[in-house]
Amino acid sequence: MAEVKVFGSWGSPFSRRVELALKLKGVSYEYIEEDLSNKSPLLLKYNPIHKKIPVLLHNEKPIVESIVILEYIDETWKGSSIMPEDPYQRAIARFWIKFIDEKFFTAIWKASWNEGKEQEKGMEETWELLTILENELKGKKFFGGDNIGLVDIAASFIAFWVEVLQEVVEIKLSDEDKFPTLHKWSEEFLSCEVVKECLPPKDKLFAFFQARKKAITTSKSMVYK
Ligand SMILES: N[C@@H](CCC(=O)N[C@@H](CS)C(=O)NCC(=O)O)C(=O)O
């Protein structure tokens with residue numbers, strides 16, 4: 000029987016993506032929690048370049064970078080596809096994932112961990128990008144159509160993590176009135192049993208973001224003193 004291991008971290012949207020894809024495919028795996036402040040020799044061996052989680056280990060072969068892993072999972076295990084069949088639609092899905100990972104994460108991080116003008120700029124960028132996603136989703140249940148697909152998995156950060164993050168940083172990032180389609184998608188996505196199994200505990204995530212906020216505020220006040 001194939002041996003499948005996932006090296007992850009409980010609060011990471013990237014390793015949760017991998018777990019969700021494996022669960023959607025019905026693949027059993029062993030989960031190994033990494034302490035990112037004290038990385039294990041195995042993590043450094045399997046991902047020597049980025050030294051990051053997630054790592055998927057399939058029969059001792061490591062695969063890194065969450066999106067690369069998701070595509071590998073889709074191609075390796077049968078069962079319901081998470082990538083579209085059609086090459087053009089596959090290209091479009093890859094485009095949106097790149098959009099989320101490169102543009103959206105940058106903007107929301109800028110809005111969340113800055114103050115003043117920089118934060119305002121980040122918020123405006125975040126809203127602009129959410130508007131684009133809102134329009135892309137119109138008329139569809141999921142980004143993947145009737146079923147959860149690669150883009151939905153990549154966007155799970157928007158459905159769950161953003162809600163918790165905005166409570167901690169006390170700015171409204173994803174507003175139900177502004178983005179009704181995205182809000183409906185979030186509710187639909189988060190109500191799936193398999194998705195629920197792959198989400199971190201809300202209170203633990205809240206405390207994690209709060210600790211990060213405190214650390215950033217403390218380091219800024221030390222610089223300005
Ligand atoms: N592009 C990577 C991002 C993975 C990532 O940022 N992982 C973080 C945890 S959320 C990590 O391992 N950080 C450890 C570090 O940067 O030292 C992916 O999609 O897998």
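Quick note on numbering that gives the first Met the number 0: the sequence shown kicks off at 0 and runs consecutively. Don't be surprised by glycine CBs; every beta carbon is placed ideally from N, CA and C. Note that the structure is predicted; figures quoted are calculated from it, not measured.
Boundaries (first-last residue) of the alpha helix (DSSP H) holding residue i
i: Gly250; result: The structure shown does not extend to residue 250, since the chain is modelled only from 0 through 224, so no value can be given for it.
i: Val193; result: Glu192 to Lys195
i: Phe104; result: Phe104 to Ser111
Exposure label - residue i; buried when at least 16 CB within 10 Å
i: Gly7; result: buried
i: Gly148; result: buried
i: Lys51; result: buried
i: Leu19; result: buried
i: Gly115; result: exposed
i: Glu117; result: exposed
i: Leu23; result: buried
i: Ser218; result: exposed
i: Leu43; result: exposed
i: Ser27; result: exposed
i: Glu84; result: exposed
i: Thr125; result: buried
i: Tyr87; result: exposed
i: Ser190; result: exposed
i: Pro246; result: With the chain represented from 0 up to 224, any question about residue 246 goes unanswered, as that position is not in the structure.
i: Pro12; result: buried
i: Gly121; result: buried
i: Trp108; result: exposed
i: Gly143; result: buried
Unbroken beta strand (DSSP E) run spanning residue i, endpoints
i: Phe98; result: Premise fails: Phe98 is in no beta strand (DSSP E) and is neither H nor E.
i: Val26; result: Looking at the DSSP string, Val26 is not in any beta strand (DSSP E), and its letter there is neither H nor E.
i: Gly7; result: Val3 to Gly7
Contact belief for residue i with residue j at Cβ below 8 Å, rounded distance in angstroms
i: Asn58; j: Glu2; result: 6 Å
i: Ser14; j: Pro47; result: At roughly 18 Å, the Cβ-Cβ gap does not stay under 8 Å, so Ser14 and Pro47 are not in contact.
i: Glu133; j: Phe178; result: 5 Å
i: Ala92; j: Met82; result: 6 Å
i: Leu69; j: Ile152; result: 6 Å
i: Ala110; j: Ile170; result: 7 Å
i: Glu187; j: Lys139; result: The pair is not a contact, with the Cβ atoms about 10 Å apart (cut-off 8 Å).
Cutoff 7 Å: residue i Cβ touching any chain D Cβ
i: Glu192; result: Of the protein chains in this structure there is only one, and it is not chain D.
Practice task
Output the residues surrounding ligand 1, defined as those with a CB atom closer than 5 Å to any ligand heavy atom, in chain order.
Solution key: Taking each Cβ in turn, the ones that pass are Ser11, Phe13, Leu35, Lys51, Ile52, Glu64 and Ser65.
Handout entry: Secondary structure, beta strand (DSSP E): runs of 3+ residues fully inside the segment 29 to 84
Key = For the segment 29 to 84, whole beta strand (DSSP E) runs of length 3 or above, ordered along the chain, are 29 to 32, 54 to 57 and 60 to 63.
Exercise for the section: Output the residue ranges of the beta strand (DSSP E) runs that lie fully inside the segment 134 to 178 and measure 3 residues or longer, sorted by chain position. Expected result: Complete beta strand (DSSP E) runs here, min 3: none at all.
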